[in-house]
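To start, the structure itself, in structure tokens.
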Amino acid sequence: MNLHTNRLLAASTAMLIIGAVNLPFLQSTFLVSNYQQALKLISGLPAVEKQMKDHGVAGFDTFKQWLSEEKKYLEGLSREPLEETLQMEYYQKLVNLEASQSALDEAQSNWLVITPETQNRRDYTQSIETKRRHALENHEKDLSIVQGLETKLGITTRWSRTSPEWSVAAEMTAKRRYQQCLDNLEALVVSRMFELSKMNMSQM
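Right, here's the structure in full:
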């Protein structure tokens, strides 16, 4: 078990007895509804002190320091710069536009090769025309969104895959998705630790 997991195990127990916790993930319905119930199950400090010793935690001040660091980190996540957010959104919409352009090109190609023989097949012809119309509508929608973001960001030349801005935005987007996965995992681990702590206390 790595250091970060040990810290999560120890900090989750400390949260049950520290009343000043103010982390965003504690606002979830599950944690809030079980917080007071878990507190009532604690009859003393021995179990907490034992877990602290097992995980190498020197004292309760350590928990406060961890909570302060975690709070600062989470607050930083909520203040993602607006321009960076718009750049990542613009990048993603460009990717969507590429996909809709490809779908439109394919639909146009299929529509242009309709022959007299296939034209007499009404169902086939209608299907081809419907796919082409849908592809055109999707492309126009994606194009409109891209144009709106270009106006907001003051972009005069549309980014392409060879643009430096494209590469930067792609990297930022990948990092944000990775961090979101880590945040979700951490919240699940803490939630599970609360459940386990409550079960352990009820058996004392």
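If you count the sequence shown from 1, you need to add 1183 to reach the numbering used here. Glycine included, C-beta positions come from ideal geometry on N, C-alpha and C.
Which of helix, strand or coil DSSP assigns to residue i
{"i": "P1430", "result": "Only positions 1184 to 1387 of the chain appear in the structure, and residue 1430 is not among them; the question remains open."}
{"i": "R1360", "result": "helix"}
{"i": "M1376", "result": "helix"}
{"i": "V1240", "result": "coil"}
{"i": "W1342", "result": "coil"}
{"i": "G1337", "result": "coil"}
Run of the alpha helix (DSSP H) containing residue i, from where it starts to where it stops
{"i": "S1294", "result": "A small fix is needed here, since residue 1294 is Trp in this sequence, not Ser. Counting along the chain, the alpha helix (DSSP H) containing W1294 begins and ends at 1265–1295."}
### Query
Hey, is the segment 1324–1337 in contact with the segment 1262–1282, meaning 3+ C-beta pairs nearer than 8 Å?
Yes: at least three Cβ pairs fall under 8 Å.
Would you call the segment 1351–1359 and the segment 1314–1331 touching, i.e. three or more CB-CB distances under 8 Å? Not touching, per the Cβ criterion.
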